[in-house]
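Taken in order, these protein sequences are the chains called A and B. Read in order, the letters of the first sequence correspond to residues 100 to 326 in the working numbering. Read in order, the letters of the second sequence correspond to residues 258 to 453 in the working numbering. Cβ atoms here follow ideal geometry from the backbone N, Cα and C, with glycine treated the same way. All values reported here derive from a predicted model rather than from experimental measurement.
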Amino acid sequence: MELLLLASAVWLGILTSVSPCPLATNIAAVSFISRRITQRNTVFLSGILYTLGRSLTYIVLGVLIVKTLVDVPILSDFLQRYVNKILGIVLILVGMVLLDLLRVPLSLPSVSENVAKKLIEKGAFGSLLLGILFALAFCPVSAALFFGGLIPLAVKAKSGIGLPLIYGIGTSLPVLLFASLVATGTSYINNLYHRITKVEFYTKKATGIIFILVGVYYALAYIFEII
Amino acid sequence: MDIKKLIKSLLFIFVVVSLAVLIYKEFSPRTESNAIPVAATKVDTVAVSGESLPAPENQPLKEPATATKQKEEAPSPHTAVKSQNSKLIAYYFHGTFRCTTCRTIEQYSHDAIQMYFAKELGNGRLEFRPVNIEEPENKHFIQDYQLVTRSLVLSLMSDGKETKSKNLADVWKLVRDKDKFFQYVKDEVEKFLKET
Numbered sequence: 100m101e102l103l104l105l106a107s108a109v110w111l112g113i114l115t116s117v118s119p120c121p122l123a124t125n126i127a128a129v130s131f132i133s134r135r136i137t138q139r140n141t142v143f144l145s146g147i148l149y150t151l152g153r154s155l156t157y158i159v160l161g162v163l164i165v166k167t168l169v170d171v172p173i174l175s176d177f178l179q180r181y182v183n184k185i186l187g188i189v190l191i192l193v194g195m196v197l198l199d200l201l202r203v204p205l206s207l208p209s210v211s212e213n214v215a216k217k218l219i220e221k222g223a224f225g226s227l228l229l230g231i232l233f234a235l236a237f238c239p240v241s242a243a244l245f246f247g248g249l250i251p252l253a254v255k256a257k258s259g260i261g262l263p264l265i266y267g268i269g270t271s272l273p274v275l276l277f278a279s280l281v282a283t284g285t286s287y288i289n290n291l292y293h294r295i296t297k298v299e300f301y302t303k304k305a306t307g308i309i310f311i312l313v314g315v316y317y318a319l320a321y322i323f324e325i326i
Numbered sequence: 258m259d260i261k262k263l264i265k266s267l268l269f270i271f272v273v274v275s276l277a278v279l280i281y282k283e284f285s286p287r288t289e290s291n292a293i294p295v296a297a298t299k300v301d302t303v304a305v306s307g308e309s310l311p312a313p314e315n316q317p318l319k320e321p322a323t324a325t326k327q328k329e330e331a332p333s334p335h336t337a338v339k340s341q342n343s344k345l346i347a348y349y350f351h352g353t354f355r356c357t358t359c360r361t362i363e364q365y366s367h368d369a370i371q372m373y374f375a376k377e378l379g380n381g382r383l384e385f386r387p388v389n390i391e392e393p394e395n396k397h398f399i400q401d402y403q404l405v406t407r408s409l410v411l412s413l414m415s416d417g418k419e420t421k422s423k424n425l426a427d428v429w430k431l432v433r434d435k436d437k438f439f440q441y442v443k444d445e446v447e448k449f450l451k452e453t
């Protein structure tokens with residue numbers, strides 16, 4: 100019984116990530132995670148943090164719903180309505196930072212610009228945030244699977260943490276798999292040509308461009324509502 | 258270097274315009290909904306979801322009270338005596354942003370109903386009605402039917418009042434299997450039609 104619940108949670112997660120609707124964010128996630136393409140460990144760490152970020156969002160939502168009986172339709176409507184709108188703008192700005200078109204403005208005196216930039220470039224911290232944000236960006240398919248599929252299971256099993264955690268891992272699995280394939284493949288080619296720094300220069304630019312394109316797509320679809 | 262600056266400025270302009278549109282749309286929902294007459298909205302939803310929709314156009318999307326009135330305004334030659342007081346409405350609830358899977362679900366629902374229930378559609382016992390829940394006047398549906406996403410809901414109306422409703426949540430599970438999807442919609446609608 101327990102096993103069946105866990106299996107359904109993973110399966111719902113995988114279904115969520117392979118549906119065409121979050122495709123744009125998945126592309127952005129894959130490119131972000133595999134950005135430090137020559138350092139397989141960093142890619143791996145990024146992937147784990149991205150997964151953690153996603154699970155964290157689902158756990159918070161799960162606990163909110165299971166423990167406090169937050170009104171699910173209102174929550175679902177709110178997230179689908181607003182997060183996607185803000186997401187476009189955020190992605191464009193992050194893409195601009197990655198392309199060095201924009202410097203990270205920081206008012207905190209103790210954290211210098213370099214530290215912040217390093218954190219973003221390292222991808223570690225950034226991947227966690229990205230996971231949290233992308234998980235919040237519900238679209239119709241993921242809302243159906245999470246609010247309509249997983250949450251009823253979680254409520255029945257009184258599991259506000261366990262099932263959402265497993266679901267979160269499920270939603271990241273295909274992204275993780277793809278990112279590691281990209282990293283393995285490219286670092287192999289990379290070793291052949293001994294052009295390590297060059298490759299990283301391009302992957303970072305490519306990630307920036309992908310972020311901007313995905314951001315523009317989201318803005319056109321959700322803010323201007325013309326796609 | 259110049260190209261870089263140009264791209265930077267263009268992106269900034271895009272971000273600022275997006276923000277402005279976002280804020281404008283958010284804080285002037287009243288003026289927006291007043292500016293667009295309900296009739297126009299309705300025509301729009303009909304246009305998006307296929308021309309062959311039986312739903313009468315140019316009618317306000319209001320719930321129970323208008324349901325009986327609509328039948329009188331759009332009479333069909335076969336209007337049966339029975340359908341004067343009870344009627345089944347198949348709502349398809351969607352948002353402004355239409356995703357691929359959602360379009361498929363709407364298309365399948367529409368086609369299944371059209372295919373199996375042409376007679377009921379013709380005599381007004383059944384109606385397929387796509388509704389955008391992001392329009393302010395339709396927001397109450399979210400609470401009424403506890404909607405978490407795009408949904409197909411059957412609503413049985415009797416004397417202008419809803420007596421029974423069901424959210425066909427399995428449409429999301431069956432969307433990859435057209436035959437099962439059609440069968441599911443057919444079975445559920447039949448169950449409801451028995452009670453009209």
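- With the criterion set as a beta carbon lying under 9 Å from some beta carbon of chain B, the members of the segment 173-187 of chain A are Ile-173, Leu-174, Ser-175, Asp-176, Gln-179, Arg-180, Tyr-181, Asn-183, Lys-184, Ile-185, Gly-187, in sequence order.
- Within the same chain, Val-129 come within 6 Å of A:Phe-277 by CB-CB distance, once the 5 residues on both sides are set aside.
- A distance below 6 Å between beta-carbons, with the five flanking residues on each side excluded, links A:Val-109 to the following residues of its chain, in chain order: Ile-265, Gly-269.
- Residue state for B:Leu-413 is assigned as strand, using DSSP reduced to three classes.
- Counting only residues of its own chain and dropping the five nearest sequence neighbours on each side, A:Val-313 has a CB closer than 6 Å to the CB of Ala-123, Ala-127, Leu-190.
- Contacts with chain B at 9 Å (Cβ-Cβ) do not include A:Ala-106.
- If you draw a straight line from the Cα of B:Tyr-365 to the Cα of A:Tyr-157, it comes to about 31 Å.
- For the pair A:Ser-154 and A:Ser-145, the CB atoms are not nearer than the 9 Å cut-off.
- Taking a Cβ-Cβ threshold of 8 Å, the residues of chain A close to B:Ile-399 are Pro-172, Ile-173, Asp-176, in chain order.
- A:Pro-121 carries a coil assignment under DSSP once its states are collapsed to helix, strand and coil.
- Taking a C-beta cut-off of 7 Å against chain A, the contacting residues of the segment 403-428 of chain B are Gln-403, Leu-404, Val-405, Thr-406, Arg-407, Ala-426, listed in chain order.
- For B:Glu-384, the pairing in a beta bridge is given by DSSP as B:Ile-346.
- Look at B:Glu-452 here: in three-state DSSP terms it is coil, with no helix or strand label.
- For the pair B:Pro-387 and B:Tyr-349, the CB atoms are nearer than the 9 Å cut-off.
- Around the beta carbon of B:Val-274, fewer than 16 other beta carbons sit within 10 angstroms, so the residue counts as exposed.
- Spatial neighbours of A:Val-171 in its own chain (CB-CB distance under 7 Å, excluding positions within 5 residues in sequence) are listed in chain order as Ile-164, Phe-246, Ile-250.
- The alpha-carbon separation between A:Lys-166 and A:Lys-255 amounts to approximately 12 Å.
- By the Cβ neighbour-count rule, A:Gly-284 is exposed, with fewer than 16 other Cβ atoms within 10 Å of its own.
- With respect to chain A, the C-beta atom of B:Ser-275 has a partner C-beta closer than 9 Å.
- Taking each of A:Leu-168, A:Val-142, A:Leu-178 in turn and checking the Cα distance to A:Lys-257, the smallest one comes out for A:Leu-168.
- Take A:Leu-275, set aside five residues on each side of it, and the residues of its chain with a beta-carbon closer than 7 Å to its own are Gly-146, Thr-150, in chain order.
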